[in-house]
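Trainee:
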Amino acid sequence: MSELTYELECRLTPRLARRVAYQVTRALADLHSRGLCHGDITTGNIVFDLFDINHLGEDDIYRLFGRPITGELETESGEPAGPEAPRYIVKGVDFLSCWSNMIKPDIKLIDFDQCFPTSSPPKTLLGTPLDFMAPEIAVGQDPGPASDIWALGCCIFRLRSGQGPFSSPYEVASPSCLVNYIMHTLGEDMPLEWKDTLWDRDGWPTKDRTKGQPLEHGWNGPERSLQDIVYNIWDEPKDRIIHTGRSRPEQYLGRRIEDEHQPLRPCFSEMVWNPRAVKVDNVYLSGYGDDWGELREVLPKIPKHEAALLYDLLSKIFVCDPSKRPRAEEMLSHPWFHLDGL
Numbered sequence: 061m062s063e064l065t066y067e068l069e070c071r072l073t074p075r076l077a078r079r080v081a082y083q084v085t086r087a088l089a090d091l092h093s094r095g096l097c098h099g100d101i102t103t104g105n106i107v108f109d110l111f112d113i114n115h116l117g118e119d120d121i122y123r124l125f126g127r128p129i130t131g132e133l134e135t136e137s138g139e140p141a142g143p144e145a146p147r148y149i150v151k152g153v154d155f156l157s158c159w160s161n162m163i164k165p166d167i168k169l170i171d172f173d174q175c176f177p178t179s180s181p182p183k184t185l186l187g188t189p190l191d192f193m194a195p196e197i198a199v200g201q202d203p204g205p206a207s208d209i210w211a212l213g214c215c216i217f218r219l220r221s222g223q224g225p226f227s228s229p230y231e232v233a234s235p236s237c238l239v240n241y242i243m244h245t246l247g248e249d250m251p252l253e254w255k256d257t258l259w260d261r262d263g264w265p266t267k268d269r270t271k272g273q274p275l276e277h278g279w280n281g282p283e284r285s286l287q288d289i290v291y292n293i294w295d296e297p298k299d300r301i302i303h304t305g306r307s308r309p310e311q312y313l314g315r316r317i318e319d320e321h322q323p324l325r326p327c328f329s330e331m332v333w334n335p336r337a338v339k340v341d342n343v344y345l346s347g348y349g350d351d352w353g354e355l356r357e358v359l360p361k362i363p364k365h366e367a368a369l370l371y372d373l374l375s376k377i378f379v380c381d382p383s384k385r386p387r388a389e390e391m392l393s394h395p396w397f398h399l400d401g402l
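If you want it as C-alpha cells, here you go:
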C-alpha cells in the first residue's frame with residue numbers, strides 16, 4: 061500500500077482510503093482478540109487482494125501487463141556475477157499499467173515476523189519504521205496493543221493524505237528526534253517518566269549511563285498541530301486543474317517526464333489517482349519546490365465535516381499515555397469509517 065499512498069506519486073480516493081482503513085482496523089481487532097500484537101503495522105504491510113488470474117494463459121498475461129522488462133544483473137563490485145546468481149533481473153509488474161483493473165478493493169494484513177503474544181512482549185526494540193513507531197517504544201518501553209493502535213493511526217492518516225502524520229521533511233532520523241517531533245505536533249509536554257530516558261549519540265534509548273544523555277526537548281521546525289495537518293489534507297481537483305489567473309513559468313517536460321503527468325487509466329478512477337496529473341494554471345505538480353506551499357494552498361481540501369471526524373478519531377489515538385488509546389474493537393464504530401455507509 062505504501063506505493064499507492066505517496067503524496068505526489070499516487071493517492072487513494074477518499075472513499076477507498078476509508079474502506080481500507082476500516083478493514084485494517086477490523087483485522088487488527090481480530091488479532092488483538094486472540095491475544096496477539098502485530099508489532100509492525102505499516103502501510104507497507106497492507107496489500108490489496110487481486111482478482112483470480114490463475115486461469116489466464118501466458119498470452120493473456122502479456123496482454124494485461126505487457127511483456128516482462130528485463131535487465132542485466134550488475135554487482136556492486138563491478139565483477140561478473142557467480143553461477144549461483146540469476147542470469148538477468150526482471151522489473152516488477154505495474155498493476156496500474158493494465159487496461160483492466162485486477163485489484164480488488166479488499167486488503168490483507170501481512171508480515172507477521174514481529175508478531176508476539178500480548179502477555180510476553182519482546183525486550184528488544186522492534187524494527188518498526190520511525191514513521192509508525194509509538195513514542196513509548198521510542199523511549200524504550202515494552203510494545204503492546206496500544207503501540208499497534210498508534211501505528212494504525214499513522215496508517216489511517218497516510219491512507220487518507222498520502223503522508224505520515226510524523227513524517228518530516230526536516231530529518232527525523234532517530235527515536236529521540238521522533239519523540240521531539242511528536243511532542244511538537246501534539247503540543248504536549250513529555251511525560252515525566254520519559255524524561256529519565258537516556259539517549260546515545262545516535263539518538264537511540266540506552267540504559268548505559270556512560271553513553272547516554274537526557275533528551276534536549278524542543279523542535280526547531282515550523283509550527284504544526286494535528287488539527288492543522290488533518291484540515292489541510294488536499295484532494296484531487298475536479299478535471300485535475302486549478303485556475304488562479306496567474307501566469308507561471310512554462311515547464312519543460314521530456315517524453316519520460318511527460319508520461320509521469322498523465323492521469324491513470326479510467327478503470328482505476330474509483331480507486332487511485334495521480335497527483336502529478338494535477339495542474340495549477342499551466343504548471344503540473346511535480347515536487348516540493350520553493351512554490352509548493354503556494355500551490356498547495358489553492359488545492360481543494362478535505363471536506364470540513366470529514367476533517368472534523370478524522371481529527372476526532374486521530375486525537376483519541378495520538379495520546380502519549382498508551383492506556384488512554386482506544387482499542388481497535390472500539391474504533392470500528394467511529395463515524396469516520398461509516399461516512400460511506402460501511
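Number 118 in my numbering belongs to position 58 of the sequence shown; there are no gaps in the numbering.
Note that beta-carbon positions come from the ideal geometry of N, C-alpha and C, so glycine has one too.
The model shown is predicted, which means the values in this text are computed figures rather than measured ones.
Three or more C-beta pairs closer than 8 Å, one from the region 357 to 370 and one from the region 282 to 297: is that the case here?
Mentor: yes
Trainee: Can you find the residues in the same chain that come closer than 8 Å, C-beta to C-beta, to methionine 331, ignoring five residues on each side of it along the sequence?
Mentor: Leu72, Thr73, Leu76, Asn161, Ile163, Pro165
Trainee: Helix, strand or coil, according to DSSP, for isoleucine 209 in the structure here?
Mentor: Here isoleucine 209 sits in helix by DSSP.
Trainee: Look at threonine 103 and methionine 61 and say whether their C-beta atoms are less than 8 Å apart.
Mentor: yes
Trainee: Measuring only the C-alpha atoms, how far is tryptophan 333 from leucine 219?
Mentor: In a straight line, the C-alpha of tryptophan 333 is about 13 Å away from that of leucine 219.
Trainee: Between leucine 392 and the rest of its own chain, which residues show a CB-CB distance below 8 Å, the 5 nearest in sequence each way excluded?
Mentor: Tyr82, Thr85, Arg86, Ala89
Trainee: Going by C-alpha distance, which of Lys267, Glu276, Ile209 is nearest asparagine 240?
Mentor: The shortest C-alpha separation from asparagine 240 is found at Glu276.
Trainee: DSSP on phenylalanine 125, reduced to helix/strand/coil?
Mentor: In the structure shown, phenylalanine 125 adopts helical secondary structure according to DSSP, grouped into three states.
Trainee: Check each candidate in Ser236, Gln273, Arg261, His321 and name the one with the smallest Cα separation from tryptophan 279.
Mentor: Ser236
Trainee: Excluding five sequence neighbours on each side, which residues of the same chain lie with their C-beta closer than 6 Å to the C-beta of serine 207?
Mentor: Ala194, Ile197
Trainee: Between leucine 258 and leucine 286, which are expected to be in contact by the criterion C-beta below 8 Å, what is the C-beta distance as a whole number of angstroms?
Mentor: Actually they do not touch by this definition, with Cβ atoms about 28 Å apart.
Trainee: Using DSSP bridges, identify the partner residues of isoleucine 106.
Mentor: Leu169
Trainee: Output the residue ranges of the alpha helix (DSSP H) runs that lie fully inside the region 198 to 273 and measure 4 residues or longer, sorted by chain position.
Mentor: 205 to 221, 235 to 246
Trainee: How big is the Cα-Cα spacing for glycine 347 and arginine 269?
Mentor: 44 Å
Trainee: Classify cysteine 70 as helix, strand or coil using the three-state DSSP reduction.
Mentor: strand
Trainee: Is it buried or exposed, histidine 98, if we count other Cβ atoms within 10 angstroms and call 16 or more buried?
Mentor: buried
Trainee: Give the secondary structure of isoleucine 113 by DSSP, where H, G and I count as helix, E and B as strand, and everything else as coil.
Mentor: DSSP, read as helix, strand or coil, puts isoleucine 113 in coil.
Trainee: Using a Cβ distance threshold of 8 Å, determine whether the region 112 to 122 contacts the region 249 to 266, with at least three qualifying pairs required.
Mentor: no
Trainee: Is it right to say glutamine 223 is buried, meaning 16 or more other beta carbons lie within 10 angstroms of its own, or is it exposed?
Mentor: buried
Trainee: CA-CA distance, proline 182 and arginine 385?
Mentor: 21 Å
Trainee: Can you tell me the Cα-Cα spacing of glycine 263 and threonine 188, whole angstroms?
Mentor: 15 Å
Trainee: List the endpoints of the continuous alpha helix (DSSP H) containing proline 358.
Mentor: Sequence check: residue 358 is valine here, not proline. Boundaries of the alpha helix (DSSP H) around valine 358: 352 to 358.
Trainee: By Cβ distance, which residues of its chain are closer than 7 Å to phenylalanine 328, with the 5 residues on each side in sequence left out?
Mentor: Leu156, Asn161.
Trainee: Check whether the Cβ atoms of cysteine 214 and proline 225 sit closer than 8 Å, and answer yes or no.
Mentor: yes
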